[in-house]
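Numbering (our numbering), first residue to last: 1 to 782. By construction, the Cβ of each residue, glycine as well, lies at the ideal position given by its N, Cα and C atoms. The structure appears below as structure tokens.
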Amino acid sequence: MIREKIYLLLLFIFSAILPVYSQLDTAQVSFEKNVLGPQNLVFNIDSASHKIIAAGRISRNIEELPLTVYVISHEEILLNQYASLVDVLRSLPAVMVSQPGSGELGESFQMRGLTGNHYVKILINGIPVKPSVVSGMPFGSQLPIRQAERIEVIYGTASAIYGADAVSGVINIVTREADKGTFGRGDIALGPGGYNYINFMTGGKGGKNNNILQYSFYGSKTEYNDMNIGARNSDVFNPLSFYQKQGKVFTFGGVDYNPLDLTEGILLSNGVDLKDFKDQYYGKEYQGSLTEPDREALASSSHMMGLQMEFRGIHLSYNNMYRRTHSSLGLSPVFYKYNNPQNFWGENIRQTNLGYEKDFRFMSTKTNFSNLVYRMDNNSNMGVTFVENTDVVYRYSASNDVLLEQVFSFHPLTGLELVAGASWLKSGNLPVTNYLLSPFNVKLYKIYSTEDNYNDSIMGKFGYNPLVFSNTSAFFQFFYELKKFRFLGGIRYDHNTLYNNNTSPQLAVLYKKNKKTSLRLSAGTAYKAPPSSITYQSLAYSEAGGIHYKVIPNSKLEPEKFSTLEYGINTTFWHKFELDQSFYFYRITHHIIPESFPVSSFSLPLAVNDSVTQWVNSRNSVSNVIGSQTNLRIHNVVESVKMDVELNLSFLQRKDRLPNVTELVKDYLSLMPKHEGKLKVSFYPIEPLYISIESQWMSKWLRLFIPFESIYKDLFKDVDGFYSMNLTGSYSLSPNLRAYFKVINLFDENYGGMNATVLEENLIFNPQMRRSFRFGLTYDIN
Numbered sequence: 001m002i003r004e005k006i007y008l009l010l011l012f013i014f015s016a017i018l019p020v021y022s023q024l025d026t027a028q029v030s031f032e033k034n035v036l037g038p039q040n041l042v043f044n045i046d047s048a049s050h051k052i053i054a055a056g057r058i059s060r061n062i063e064e065l066p067l068t069v070y071v072i073s074h075e076e077i078l079l080n081q082y083a084s085l086v087d088v089l090r091s092l093p094a095v096m097v098s099q100p101g102s103g104e105l106g107e108s109f110q111m112r113g114l115t116g117n118h119y120v121k122i123l124i125n126g127i128p129v130k131p132s133v134v135s136g137m138p139f140g141s142q143l144p145i146r147q148a149e150r151i152e153v154i155y156g157t158a159s160a161i162y163g164a165d166a167v168s169g170v171i172n173i174v175t176r177e178a179d180k181g182t183f184g185r186g187d188i189a190l191g192p193g194g195y196n197y198i199n200f201m202t203g204g205k206g207g208k209n210n211n212i213l214q215y216s217f218y219g220s221k222t223e224y225n226d227m228n229i230g231a232r233n234s235d236v237f238n239p240l241s242f243y244q245k246q247g248k249v250f251t252f253g254g255v256d257y258n259p260l261d262l263t264e265g266i267l268l269s270n271g272v273d274l275k276d277f278k279d280q281y282y283g284k285e286y287q288g289s290l291t292e293p294d295r296e297a298l299a300s301s302s303h304m305m306g307l308q309m310e311f312r313g314i315h316l317s318y319n320n321m322y323r324r325t326h327s328s329l330g331l332s333p334v335f336y337k338y339n340n341p342q343n344f345w346g347e348n349i350r351q352t353n354l355g356y357e358k359d360f361r362f363m364s365t366k367t368n369f370s371n372l373v374y375r376m377d378n379n380s381n382m383g384v385t386f387v388e389n390t391d392v393v394y395r396y397s398a399s400n401d402v403l404l405e406q407v408f409s410f411h412p413l414t415g416l417e418l419v420a421g422a423s424w425l426k427s428g429n430l431p432v433t434n435y436l437l438s439p440f441n442v443k444l445y446k447i448y449s450t451e452d453n454y455n456d457s458i459m460g461k462f463g464y465n466p467l468v469f470s471n472t473s474a475f476f477q478f479f480y481e482l483k484k485f486r487f488l489g490g491i492r493y494d495h496n497t498l499y500n501n502n503t504s505p506q507l508a509v510l511y512k513k514n515k516k517t518s519l520r521l522s523a524g525t526a527y528k529a530p531p532s533s534i535t536y537q538s539l540a541y542s543e544a545g546g547i548h549y550k551v552i553p554n555s556k557l558e559p560e561k562f563s564t565l566e567y568g569i570n571t572t573f574w575h576k577f578e579l580d581q582s583f584y585f586y587r588i589t590h591h592i593i594p595e596s597f598p599v600s601s602f603s604l605p606l607a608v609n610d611s612v613t614q615w616v617n618s619r620n621s622v623s624n625v626i627g628s629q630t631n632l633r634i635h636n637v638v639e640s641v642k643m644d645v646e647l648n649l650s651f652l653q654r655k656d657r658l659p660n661v662t663e664l665v666k667d668y669l670s671l672m673p674k675h676e677g678k679l680k681v682s683f684y685p686i687e688p689l690y691i692s693i694e695s696q697w698m699s700k701w702l703r704l705f706i707p708f709e710s711i712y713k714d715l716f717k718d719v720d721g722f723y724s725m726n727l728t729g730s731y732s733l734s735p736n737l738r739a740y741f742k743v744i745n746l747f748d749e750n751y752g753g754m755n756a757t758v759l760e761e762n763l764i765f766n767p768q769m770r771r772s773f774r775f776g777l778t779y780d781i782n
């Protein structure tokens with residue numbers, strides 16, 4: 001095993017060194033990730049090579065805007081074979097990704113220490129795609145990533161423009177449009193474990209003068225028959241690890257045993273019946289041995305279909321996205337089962353948008369009407385161990401969000417731009433239901449209705465909480481250019497019928513010292529609204545002639561509050577070196593956390609348990625986060641092979657005052673490692689061959705130089721952190737056809753991603769995908 005790893009390391013070193021000595025005269029090709037400068041969010045922004053729909057609804061060049069934005073181009077997406085959003089985010093600073101994350105969220109990521117599925121606003125062509133009912137934005141490979149002209153990632157709060165959820169950043173996926181005539185492209189890929197991937201996009205433009213019609217049609221499908229998540233550490237799926245983490249001690253025959261020291265022999269020698277022990281501690285429906293649950297392959301699939309058209313200022317777009325993955329991902333086998341591939345969490349998101357924009361001499365106007373429909377697959381189910389006489393329970397959720405938005409942009413003076421707008425959102429929600437013994441009858445839920453048509457023979461109406469609410473907002477923003485200074489400010493007011501009023505101001509300034517160096521400073525406030533599936537979370541099941549209540553609703557939840565401050569510098573030196581350095585601070589109050597209460601505090605009929613969990617605002621809690629984010633790019637290190645090097649370093653220190661908060665929740669809030677680094681090297685060893693090596697390490701910086709876990713453990717007893725590497729290669733077979741391969745987790749590192757929940761039901765760590773391979777073809781014609 002060690003010999004195999006050493007061979008792999010030598011191969012990697014040889015691949016990295018070879019271009020240094022190669023003197024091939026290849027044509028220069030530069031596909032790079034552009035650091036934009038700052039907060040731009042929805043109107044066209046002109047740059048030297050791109051028009052950007054980014055962060056501030058301000059139509060200015062990207063280098064004029066005073067916040068931190070990264071753009072990943074269409075060419076980079078194709079060359080590096082990015083197929084999902086977390087593939088894209090994996091190479092960015094201060095971002096940690098989790099593949100898989102959980103059944104409910106799918107693939108997950110953290111940005112600057114906050115779970116991006118919850119705290120980052122995700123848009124397609126400037127329109128939000130997160131359903132209001134979900135706890136966090138769910139995604140796998142169902143977003144139009146390969147169809148994107150670019151993906152804009154904005155760091156920092158943007159609630160002054162986008163309201164709730166735009167706390168840690170904004171991600172805008174801008175789909176491709178035809179430059180002229182028609183275009184078409186497609187990809188196909190295969191890999192072990194039944195992996196298969198296919199996507200296509202076709203479009204064009206035609207007409208004369210102002211009567212130009214632009215259109216595109218696209219789709220994709222991704223499937224894993226087995227995601228290859230098995231951890232080499234057998235204790236990960238050992239049910240006794242759950243009790244080991246809780247600090248429980250078992251006593252038999254007067255002897256104390258730590259949970260992981262127990263064996264079947266010890267139990268039998270002390271007269272303990274194995275079935276009785278598993279029934280008591282693992283649940284009556286648990287299947288497997290004392291230390292190893294029964295497991296099968298864990299499957300996942302996503303598919304997407306989209307259409308967009310534009311004619312004389314009228315825009316029409318439609319995206320239909322479906323995701324399905326195993327519902328037990330990241331969860332402890334004490335509670336959830338891994339032996340049935342048919343246990344899945346599935347959901348469909350359909351977004352339809354109709355817009356109109358018109359430019360005048362001193363102003364422009366843009367109107368959007370969006371309808372976002374979310375439906376959970378009513379056959380979605382979870383394999384459970386704790387519900388007697390059944391090992392499958394069903395879940396269901398639904399929402400409809402209608403958004404009407406009007407934006408005006410004014411240019412009264414040279415160097416001054418004013419943006420004003422208003423929006424109205426109406427939402428009908430059915431938060432995720434309680435555990436159901438049969439699939440939910442979708443006819444019972446009426447859109448935009450609170451009719452209580454549901455009644456369970458045992459639970460009554462518990463777990464059925466339809467609601468309707470609306471959000472009315474108004475916002476104003478300005479941009480002003482004064483000599484070497486650029487000022488950007490804004491304020492937004494939101495009135496929500498569930499959680500009342502919120503005001504989000506923001507102010508930023510950029511100082512352009514010269515053409516190569518600029519300084520920026522920004523401050524603002526933001527808020528995270530409690531989604532209805534958290535506010536009305538309801539979990540209970542039948543037990544011993546009564547009802548065991550796990551989680552009950554709290555309709556009085558309020559938004560979490562954030563205040564932020566950021567300073568940054570962007571500079572270019574020695575022609576090839578570009579540095580973007582950010583220092584940031586944010587404070588969180590009113591944390592939404594789970595808290596345990598006596599059952600007697602509530603009117604819960606037939607309750608058989610003593611305590612119950614409810615989500616509450618921790619009003620006395622405060623979290624202060626200080627972070628540093630460094631991005632260093634070196635262009636054409638070795639010009640003969642067009643080698644680019646990019647180094648990302650992130651440091652984060654968090655101090656919490658969390659009175660009466662459990663250690664479990666504290667661990668969840670402090671998930672982001674203190675140090676995280678990434679190194680990307682890309683080059684053309686020969687003219688048609690592109691190689692990209694992406695390395696990532698967490699916590700201990702020595703993992704950068706010692707990628708093999710076994711060697712690292714021998715040298716350092718305290719193993720803190722991990723090292724992972726992805727290798728991508730693509731070869732141009734013709735001007736239109738390119739073959740590629742991708743190796744994920746090249747050294748087969750054993751490491752964990754983010755926890756599936758904030759509750760106690762998680763695995764001791766969430767094992768990530770082991771080494772996997774993909775081989776495919778890309779065809780492009782324009």
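Q) Do the segment 458-466 and the segment 482-495 make contact, defined as three or more Cβ pairs closer than 8 Å? A) Cβ pair count under 8 Å is below three, so no.
Q | Closest Cα partner of T450 within the set T433, P439, V468, F440 | A | By 1-based counting over the sequence shown, the position of residue 450 is 450. Of T433, P439, V468, F440, the smallest CA-CA separation from T450 is found for V468.
Q. From F765 to G721, what distance separates their C-alpha atoms?
A. Start at 1 with the first residue of the sequence shown, and residue 765 comes out as number 765. Start at 1 with the first residue of the sequence shown, and residue 721 comes out as number 721. Across the structure, F765 and G721 are spaced so that their CA atoms are roughly 13 Å apart.
Q | Nearest candidate by alpha-carbon position, reference V88, set T613, E63, V153 | A | As a position in the sequence shown, residue 88 is number 88, starting the count at 1. Nearest of T613, E63, V153 to V88, Cα basis: V153.
Q) Can G383 and N340 be called in contact, C-beta distance under 8 Å? A) Mapped onto the sequence shown, residue 383 falls at position 383. Mapped onto the sequence shown, residue 340 falls at position 340. In terms of Cβ geometry, G383 and N340 form a close pair [threshold 8 Å].
(Q) Please state the DSSP three-state secondary structure of T535. (A) Residue 535 sits at position 535 when you count from the first residue of the sequence shown. If DSSP states are grouped into helix, strand and coil, T535 belongs with the helices.
**Q.** N762 and L331 closer than 8 Å at C-beta
**A.** In the sequence shown, residue 762 corresponds to position 762, counting from 1. In the sequence shown, residue 331 corresponds to position 331, counting from 1. It is a contact, given that the beta carbons lie within the stated cut-off.
Q: Using a threshold of 8 Å, state whether the C-beta atoms of I547 and S538 are closer than that.
A: As a working note, residue 547 is residue 547 in the sequence shown. As a working note, residue 538 is residue 538 in the sequence shown. S538 sits away from I547, with the two beta carbons spaced by 8 Å or more.
Q: Along the alpha helix (DSSP H) that carries H74, what are the first and last residues, could you check?
A: Here residue 74 refers to the residue found at position 74 when the sequence shown is read from its first residue. According to the DSSP assignment, H74 belongs to the alpha helix (DSSP H) that extends over 74-79.
Q: Just grab the DSSP bridge partners of I569 for me.
A: The count along the sequence shown starts at 1 and reaches residue 569 at position 569. Listed as beta-bridge partners of I569 by DSSP are L519, Q581.
Q. Cβ of Y527 within 8 Å of Cβ of S563?
A. Locating residue 527 in the sequence shown gives position 527, where the first residue counts as 1. Locating residue 563 in the sequence shown gives position 563, where the first residue counts as 1. No. Outside cutoff.
Q: Report the rounded CA-to-CA distance for F573 versus F242, giving the unit in angstroms.
A: Taking the sequence shown and counting its residues from 1, the one referred to as residue 573 is at position 573. Taking the sequence shown and counting its residues from 1, the one referred to as residue 242 is at position 242. Distance between the alpha carbons of F573 and F242 is about 52 Å.
Q. In or out: Q696 buried (at least 16 other Cβ within 10 Å) or exposed?
A. Position 696 of the sequence shown holds residue 696. Counting of Cβ neighbours within 10 angstroms places Q696 among the buried residues, the total reaching 16 or more.
Q. Buried or exposed: W424, going by 16 or more other Cβ atoms within 10 Å of its Cβ?
A. To locate residue 424, count along the sequence shown from 1; it is residue 424. Exposed.
Q) Excluding five sequence neighbours on each side, which residues of the same chain lie with their C-beta closer than 6 Å to the C-beta of I188? A) Numbered from 1 along the sequence shown, position 188 holds the residue referred to as residue 188. Correct list, in chain order: I198, G776, L777.
Q.
Three or more C-beta pairs under 8 Å: does that hold for the segment 726-744 against the segment 68-82?
A. At 8 Å Cβ cutoff, the stretches touch.
Q: Provide the residue(s) that pair with E694 in DSSP beta bridges, ordered along the chain.
A: For the purposes of this step, residue 694 is taken as the residue at position 694 of the sequence shown. Note: E694 sits in a beta bridge opposite K680, N726.
Q: Spell out a yes or no on whether the segment 283-296 and the segment 143-151 are touching, meaning 3 or more CB-CB pairs, one atom from each, closer than 8 Å.
A: As far as the Cβ criterion goes, the segment 283-296 does not touch the segment 143-151, which means the pair count is below three.
Q) Under 8 Å, do R770 and N228 count as touching if we go by C-beta distance? A) Position 770 of the sequence shown, counting from 1, holds the residue named residue 770. Position 228 of the sequence shown, counting from 1, holds the residue named residue 228. Cβ distance < 8 Å, so R770 and N228 count as in contact.
Q. Between the C-alpha atoms of T68 and Q308, what's the straight-line distance to the nearest angstrom?
A. Counting from one through the sequence shown, the residue named residue 68 turns up at place 68. Counting from one through the sequence shown, the residue named residue 308 turns up at place 308. Using only the alpha carbons, I get a separation of about 29 Å.
Q: Tell me I198's beta-bridge partners as DSSP assigns them.
A: Translated into positions along the sequence shown, residue 198 becomes position 198. DSSP output for I198 lists I188, K221 as bridge partner(s).
Q. Along the chain, which unbroken stretches of the beta strand (DSSP E) at least 3 residues long are found entirely within the segment 371-438?
A. Runs found: 381-383, 392-394, 398-413, 416-430.
Q: Give the range of the alpha helix (DSSP H) segment to which G265 is assigned.
A: As a working note, residue 265 is residue 265 in the sequence shown. Looking at the DSSP string, the run of the alpha helix (DSSP H) that includes G265 is 264-269.
**Q.** Buried/exposed call for R361, threshold 16 Cβ in 10 Å
**A.** Against the sequence shown, residue 361 aligns to sequence position 361. Burial call: exposed.
Q.
I'd like to know whether the C-beta atoms of R350 and V373 end up nearer to each other than 8 Å.
A. Indexing the sequence shown from 1 puts residue 350 at position 350. Indexing the sequence shown from 1 puts residue 373 at position 373. With contacts defined as CB atoms closer than 8 Å, R350 and V373 qualify as a contacting pair.
Q) Apart from the five residues just before and just after G253, which ones in its own chain have a Cβ nearer than 6 Å to its Cβ? A) Working through the sequence shown from its first residue, we reach residue 253 at position 253. Counting only Cβ-Cβ distances below 6 Å, and skipping sequence neighbours, we find N270.
Q | Status (buried if at least 16 other CB within 10 Å, exposed otherwise) for R703 | A | Translated into positions along the sequence shown, residue 703 becomes position 703. Unreliable positioning characterises R703 in this predicted model, as indicated by a pLDDT of 49, which lies under 50. The coordinate reading is nonetheless provided below. The residue in question, R703, is buried, as its Cβ has 16 or more Cβ neighbours within 10 Å.
Q. In the structure shown, what three-state DSSP assignment does N117 receive?
A. In the sequence shown, residue 117 corresponds to position 117, counting from 1. Residue state for N117 is assigned as helix, using DSSP reduced to three classes.
Q: Label L799 either buried or exposed according to how many other C-beta atoms from any shown protein chain fall within 10 Å of its C-beta, with 16 as the threshold for buried.
A: Past the boundaries of the shown model lies residue 799; the chain is included only from 1 to 782, so the question cannot be answered.
Q: Could you please give me the residues that DSSP links to Y751 through a beta bridge?
A: Indexing the sequence shown from 1 puts residue 751 at position 751. Answer is none; Y751 lacks a bridge partner.
Q) Leaving out five residues before and five after Y90 in sequence, what residues of the same chain have Cβ atoms less than 6 Å from its Cβ? A) Residue mapping note: residue 90 aligns to position 90 of the sequence shown, counting from 1. According to the sequence shown, residue 90 is Arg rather than Tyr. Excluding five sequence positions before and after R90, the CB atoms of its chain that fall closer than 6 Å to its own CB belong to V97, given in chain order.
Q: Alpha carbon to alpha carbon, how far is N379 from E566? Give it in angstroms, no decimals.
A: Indexing the sequence shown from 1 puts residue 566 at position 566. Indexing the sequence shown from 1 puts residue 379 at position 379. Those two C-alpha atoms are separated by around 46 Å.
(Q) Rounded to the nearest angstrom, what separates F43 and G126 at their Cα positions? (A) By 1-based counting over the sequence shown, the position of residue 43 is 43. By 1-based counting over the sequence shown, the position of residue 126 is 126. Confidence is the limiting factor: at F43 the pLDDT is only 28, short of 50, which leaves the residue's position unreliable and the question unanswerable from this model.
Q | Start and end residues, beta strand (DSSP E) containing L354 | A | To locate residue 354, count along the sequence shown from 1; it is residue 354. Counted as a single uninterrupted DSSP element, the beta strand (DSSP E) harbouring L354 occupies residues 344-359.
**Q.** For I145, three-class secondary structure by DSSP
**A.** Here residue 145 refers to the residue found at position 145 when the sequence shown is read from its first residue. Secondary structure of I145 (DSSP, three-state): coil.
Q.
According to DSSP, is I835 part of a helix, a strand, or is it coil?
A. The requested residue 835 is not part of the displayed model; the chain covers only 1 to 782.
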